[in-house]
Amino acid sequence: SCVVRDSGQAALRVEVGGELGVMPWFRPVGKVAIVALYKSARASFCSGDDVTALRKCEEALLAGDRLCPRPAREMGDALQLLGALHLRRKSPSLAVKCLERALVLRRAQSPDEDAAMAATLMALGSAQTQLGAHQESVRCNQAAVSLLERSSEHPESPAFACALQSLAGAQRAVGQHEAARRCYERCLEIRENVLGPDHALLSAVLNNLGATLQQLFEHRE
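So the sequence shown is residues 223 to 443, counted in our numbering.
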């Protein structure tokens, strides 16, 4: 028999003949459930199991919608991951919807969540790029750079270098080659300082910087 008290605690009484091995299992609820589902979804995402990751993200969001108030950070994380999944599955319109909703939730968080907000803005910029909305992509990535530039992690943050590289790519797409050159050079400086001059991550920045300089040269001619 099971008795639930007014405090929410439960007492379980079982009468058996012989030996009984019991391993209780309790389903997580509230924020704990959302975090558990998000972690499971992220693990599936990293292993390439997009179907399971999508299902876990949707379950996390359903769990969050049942709470009042809705947990902004946890739901923002789930929405951002769901947006990344849609991006990987070449569904940028769905990604934009998820990431725009994530931004609304991020803005409801405390002001010390600049890194999370910047990550969402960069993901939204990538989605806008896939849609061909390059000016929107520039605005999103510029906002991400501005947020990280004001944060305590600047100027040696890997996230800041990543944001600069994303902004430079968006600027190249709209013909802002001089601005893109400056971003690539700042990104290169940070990564050289943090990773060393021979790290593999520098090659992509160097290639993009070289292409940007070529475009600048052709434009001036």
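The beta carbon of each residue, even a glycine, is placed where N, CA and C say it ideally should be.
Could you give the distance in angstroms between the alpha-carbon of residue 364 and the alpha-carbon of residue 322?
Reading the sequence shown from its first residue, position 142 is the one you call residue 364. Reading the sequence shown from its first residue, position 100 is the one you call residue 322. Approximately 16 Å between the Cα atoms of the pair.
Keeping to the same chain, check which residues put their C-beta closer than 6 Å to that of residue 403; ignore five residues upstream and five downstream.
Here residue 403 is taken as the residue at index 181 of the sequence shown, counted from 1. So the qualifying residues of the chain are 434.
Coil, strand or helix - residue 255 by DSSP:
Counted from its first residue, the sequence shown places residue 255 at position 33. Looking at residue 255 - three-state DSSP - the assignment turns out to be helix.
If you draw a straight line from the alpha carbon of residue 259 to that of residue 271, how long is it in whole angstroms?
Along the sequence shown, one-based indexing puts residue 259 at 37. Along the sequence shown, one-based indexing puts residue 271 at 49. Distance between the alpha carbons of residue 259 and residue 271: 14 Å.
Alpha carbon to alpha carbon, how far is residue 318 from residue 336?
Here residue 318 is taken as the residue at index 96 of the sequence shown, counted from 1. Here residue 336 is taken as the residue at index 114 of the sequence shown, counted from 1. Straight-line Cα distance between these residues: approximately 20 Å.
Relative to the C-alpha of residue 297, which residue among 347, 266, 279 is closest?
Here residue 297 refers to the residue found at position 75 of the sequence shown. Closest by alpha carbon: 279.
I need the DSSP call for residue 233, collapsed to helix, strand or coil.
Residue mapping note: residue 233 aligns to position 11 of the sequence shown, counting from 1. Looking at residue 233 - three-state DSSP - the assignment turns out to be strand.
The alpha helix (DSSP H) with residue 388 in it runs from where to where?
Your numbering for residue 388 matches position 166 in the sequence shown. Taken as a continuous stretch (DSSP letters only), the alpha helix (DSSP H) holding residue 388 covers 380-395.
Classify residue 330 as helix, strand or coil using the three-state DSSP reduction.
Translated into the one-based positions of the sequence shown, residue 330 becomes position 108. Note: residue 330 maps to coil in three-state DSSP.
For residue 262, name the three-state secondary structure that DSSP assigns.
Indexing the sequence shown from 1 puts residue 262 at position 40. If DSSP states are grouped into helix, strand and coil, residue 262 belongs with the helices.
Looking at C-beta atoms only, is the number of pairs between the region 280-288 and the region 307-317 that lie closer than 8 Å three or more?
no
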